[in-house]
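**Student:** Everything in the sequence shown is counted per my numbering, starting at 17 for the first residue and increasing by one.
Submitted below is the structure of interest, expressed as structure tokens.
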Amino acid sequence: MAAVLRAIPKSAASAAVAVTVAAAARSADCSDDHVPSLDLGWSHHGPLAAFDAKAVRRGFQVYKEVCSSCHSVNRVNYRNLVEYGAWSEKEVKAMAEDVDVIDGPDSSGEMFERPGKLSDPLPSPYANDEAGRAANGGALPPDLSLMVKARHAGVDYIFNLLTGYVEPPEGKEILEGLHYNPYFSGASIAMPPPLMDGAVEYPDGTPATASQMAKDVSVFLAWASEPEHDDRKQAGMKWIFALGTAAVVTGFYKRFRWGPYKTRQITYLK
Ligand code: HEC
Numbered sequence: 017m018a019a020v021l022r023a024i025p026k027s028a029a030s031a032a033v034a035v036t037v038a039a040a041a042r043s044a045d046c047s048d049d050h051v052p053s054l055d056l057g058w059s060h061h062g063p064l065a066a067f068d069a070k071a072v073r074r075g076f077q078v079y080k081e082v083c084s085s086c087h088s089v090n091r092v093n094y095r096n097l098v099e100y101g102a103w104s105e106k107e108v109k110a111m112a113e114d115v116d117v118i119d120g121p122d123s124s125g126e127m128f129e130r131p132g133k134l135s136d137p138l139p140s141p142y143a144n145d146e147a148g149r150a151a152n153g154g155a156l157p158p159d160l161s162l163m164v165k166a167r168h169a170g171v172d173y174i175f176n177l178l179t180g181y182v183e184p185p186e187g188k189e190i191l192e193g194l195h196y197n198p199y200f201s202g203a204s205i206a207m208p209p210p211l212m213d214g215a216v217e218y219p220d221g222t223p224a225t226a227s228q229m230a231k232d233v234s235v236f237l238a239w240a241s242e243p244e245h246d247d248r249k250q251a252g253m254k255w256i257f258a259l260g261t262a263a264v265v266t267g268f269y270k271r272f273r274w275g276p277y278k279t280r281q282i283t284y285l286k
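Structure (structure tokens):
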């Protein structure tokens, strides 16, 4: 390869490389079995941006009222909601107490039911994976805790998937129980379109259109997959500031100490 490149002029070689790279990128897209997700420019992307806490709160409401009938988010515990701060402790305790949790065994060896506590994970809709499959035509609704991390396009994918249901193109056969969604790998998904305009009522008065709910629940799932996101960026900012200040001080100190040596003139007398 090196010999070939040496034989052709440099500009032609780099043009050839550029064309090959571009073609490779395009052919990778063309051979995908789904439409690539659009980059939606989320407000929490960027080195200094935090999650939109109001969107996380609304998104949790959408999850609870719509998605939680099929999906779990079992890596999130009620106490994580309190720690994040978009809900008050009283609110979250009341939410947790609404759920009956099976605990035990007690001193007589029996399992018993008790109201939920802050240390419990959000409840799963099905007792086990088999029950989940049986209720959904054989397809298991996956746990959504880390879904944003588990798909290449991350939070963009979740939004595009939720809003991407369309009529199948002419000639495309969709098996019974499946739905056409070009953003899903293979384009046939077992999840029916989950969001309809007005499916929830937001207490803050935000109009609950399907795309608004899709956006909010995507932000909630992004938070669920990385609850430390805001702290991480804040800590990063502090470190960059501290190291930047240290670099300036060190630079100044070095010049201050070395200045006399660097600027002195040595003259040898006979
Ligand atoms: C009626 C049950 C049901 C509801 C309600 C539901 N889903 Fe699903 N969902 C499923 C099933 C079943 C699958 C698995 C699909 C498959 O493998 O074909 C799935 C898959 C998914 C996936 C994974 C797609 C992938 O790439 O593997 C995501 C993300 C998702 N759902 C998000 C949501 C969100 C967000 C909501 C709420 C707005 C929601 N779902 C509501 C049944 C449901």
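In this text, a Cβ means the ideal position worked out from N, Cα and C, and glycines have one as well.
Treat the numbers as computed from the prediction; the structure is a model and nothing was measured.
In three-state terms, what does DSSP make of ALA40?
**Tutor:** With a pLDDT of 47 at ALA40, under the threshold of 50, the modelled position of that residue is not reliable, and no figure is offered here.
**Student:** Grab the span of the beta strand (DSSP E) containing VAL117 for me, first residue to last.
**Tutor:** Where VAL117 is concerned, the enclosing beta strand (DSSP E) stretches over 116 to 119.
**Student:** Please report the distance separating the alpha-carbon of TYR79 from that of HIS195.
**Tutor:** HIS195 has its alpha-carbon roughly 21 Å from the corresponding atom of TYR79.
**Student:** Could you round the C-beta distance between PHE355 and ASP116 to whole angstroms and report it? I think they count as a contact, below 8 Å.
**Tutor:** The first residue shown for the chain is 17 and the last is 286, placing residue 355 beyond what the model contains.
**Student:** When burial is assigned at 16 or more other CB atoms within 10 Å of the CB, is TYR277 buried or exposed?
**Tutor:** exposed
**Student:** Which first and last residues belong to the alpha helix (DSSP H) in which PRO52 is found?
**Tutor:** Taken as a continuous stretch (DSSP letters only), PRO52 belongs to no alpha helix (DSSP H), as it is neither H nor E.
**Student:** Would you kindly report the start and end of the unbroken beta strand (DSSP E) that includes PHE128?
**Tutor:** 128 to 131
**Student:** How is the alpha helix (DSSP H) around ARG167 delimited, first residue to last?
**Tutor:** Unbroken run through ARG167: none, as it is neither H nor E.
**Student:** According to DSSP, is HIS245 helix, strand or coil?
**Tutor:** DSSP places HIS245 in helix when its eight states are reduced to three.
**Student:** Label LEU178 either buried or exposed according to how many other C-beta atoms from any shown protein chain fall within 10 Å of its C-beta, with 16 as the threshold for buried.
**Tutor:** buried
**Student:** Since ASN90 contacts SER140 with CB under 8 Å, what's their CB separation in whole angstroms?
**Tutor:** Indeed, because the Cβ distance is near 6 Å, the residues count as touching under 8 Å.
**Student:** Taking the alpha carbon of LEU134 as the point to measure from, which residue in ASN152, GLY125, ARG149, MET111 has its own alpha carbon closest?
**Tutor:** Nearest neighbour of LEU134 by Cα position, chosen from ASN152, GLY125, ARG149, MET111, turns out to be MET111.
**Student:** List the residues that DSSP assigns as beta-bridge partners of TYR196.
**Tutor:** SER204
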